[in-house]
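Mind the numbering: the sequence shown is residues 1 to 200 in UniProt numbering, read in order.
Shown next, in structure tokens, is the structure this report addresses.
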Amino acid sequence: MIKTANFVVSNADPSNCPKPDRAEIAFIGRSNVGKSSLINMLTGQKGLAKTSQKPGKTQLINHFMINDKWYLVDLPGYGFAKVNVKVKHGWENMISTYLTKRENLCGVFVLIDSRLEPQKIDLEFLLWCGTEGVPTALVFTKADKQSKSKTDQNIHKFLKKTEQIFEEAPDYFVTSAEAGTGKEDLTKFLEELVTEYQAG
């Protein structure tokens with residue numbers, strides 16, 4: 001269970017991130033996928049991660065200390081944000097450096113909008129993660145925004161596509177920040193990753 005969550009630091013340079021002395025779990029997704037809302041729902045703190053109607057609000061690597069034990073990291077979204085090419089290129093370098101070089105990173109949750117058919121940009125990002133050996137799990141967001149059958153249908157299609165990338169479909173969670181759906185399962189999984197890391 002997440003009892004405390006405190007903002008630690010924002011960084012544009014992965015080498016300035018906090019000392020890699022404890023488990024770290026990152027959240028990433030396409031711009032406007034509902035990442036900040038999900039982090040706020042998981043931590044039970046409405047204003048912890050800044051939410052915005054405008055895509056591309058998160059432009060830095062944001063570290064939060066959870067239960068004084070591990071770091072939750074909010075990463076910039078990929079795709080769609082209206083920023084100039086130079087800035088975008090800088091973000092992409094920052095994200096890829098962080099994901100491939102951060103030695104205490106024990107899980108990356110890739111957020112997918114459950115209302116949409118499989119998107120090429122998400123599949124390409126997952127393919128990159130798979131190729132680079134980044135440990136990923138999927139979180140389908142905004143499940144309260146349409147019927148359960150529509151959500152299930154889109155998730156099924158997406159998982160079929162991931163089977164072409166990975167030998168087996170990754171772990172996945174279905175969530176709604178507004179309804180609190182998936183909070184328990186996701187929190188439990190986060191705790192298992194942290195425990196495994198500490199035991200290792």
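C-beta atoms are modelled at their ideal positions from N, C-alpha and C, and glycine is treated no differently.
It should be emphasised that the depicted structure is a prediction, and the values quoted were computed from it without experimental measurement.
Within 10 Å of its beta-carbon, does residue i have 16 or more other beta-carbons around it, so buried, or fewer, so exposed?
{"i": "residue 125", "result": "buried"}
{"i": "residue 131", "result": "exposed"}
{"i": "residue 41", "result": "buried"}
If you compare alpha carbons, which of the options is closest to residue i?
{"i": "residue 39", "options": "78, 91, 109 and 101", "result": "109"}
{"i": "residue 148", "options": "167, 174 and 162", "result": "174"}
{"i": "residue 192", "options": "132, 130, 131 and 107", "result": "107"}
{"i": "residue 129", "options": "48, 9, 97 and 34", "result": "97"}
{"i": "residue 194", "options": "6, 104, 141 and 93", "result": "104"}
{"i": "residue 117", "options": "160, 198 and 78", "result": "160"}
{"i": "residue 177", "options": "200, 141 and 154", "result": "141"}
{"i": "residue 152", "options": "113, 43 and 196", "result": "113"}
{"i": "residue 35", "options": "183, 167 and 111", "result": "111"}
{"i": "residue 43", "options": "10, 12, 2 and 150", "result": "2"}
{"i": "residue 10", "options": "50, 199 and 183", "result": "50"}
{"i": "residue 37", "options": "92, 123, 179 and 196", "result": "179"}
{"i": "residue 28", "options": "137, 196 and 85", "result": "137"}
{"i": "residue 119", "options": "162, 92 and 150", "result": "162"}
{"i": "residue 12", "options": "46, 45, 85 and 92", "result": "92"}
{"i": "residue 169", "options": "150, 123, 196 and 198", "result": "123"}
Do the CB positions of residue i and residue j come within less than 8 Å of each other?
{"i": "residue 20", "j": "residue 63", "result": "no"}
{"i": "residue 66", "j": "residue 14", "result": "no"}
{"i": "residue 30", "j": "residue 121", "result": "yes"}
{"i": "residue 4", "j": "residue 74", "result": "no"}
{"i": "residue 70", "j": "residue 23", "result": "yes"}
{"i": "residue 77", "j": "residue 33", "result": "yes"}
{"i": "residue 7", "j": "residue 48", "result": "yes"}
Thinking residue i and residue j are a contact (beta carbons under 8 Å), I'd like their distance in whole angstroms, please.
{"i": "residue 143", "j": "residue 100", "result": "That belief does not hold up - the Cβ atoms of residue 143 and residue 100 are roughly 31 Å apart, past 8 Å."}
{"i": "residue 139", "j": "residue 186", "result": "7 Å"}
{"i": "residue 155", "j": "residue 127", "result": "Incorrect: roughly 18 Å between the Cβ atoms, too far for contact."}
{"i": "residue 171", "j": "residue 158", "result": "Incorrect: roughly 13 Å between the Cβ atoms, too far for contact."}
{"i": "residue 102", "j": "residue 146", "result": "Not a contact, Cβ separation roughly 35 Å."}
Is the beta carbon of residue i within less than 7 Å of some heavy atom of the ligand MN?
{"i": "residue 176", "result": "As for the ligand MN, it is missing from this structure, which has no ligand bound."}
query = Mind pulling the beta strand (DSSP E) runs of 3 or more residues that sit fully within the stretch 78-134?
reply = 105-113
key: In chain order, each alpha helix (DSSP H) run of at least 4 residues that lies wholly inside the stretch 147-192   = 148-163
inquiry  = Runs of 4 residues minimum, wholly inside the stretch 26-52: which ones carry the alpha helix (DSSP H) assignment?
reply    = 35-43
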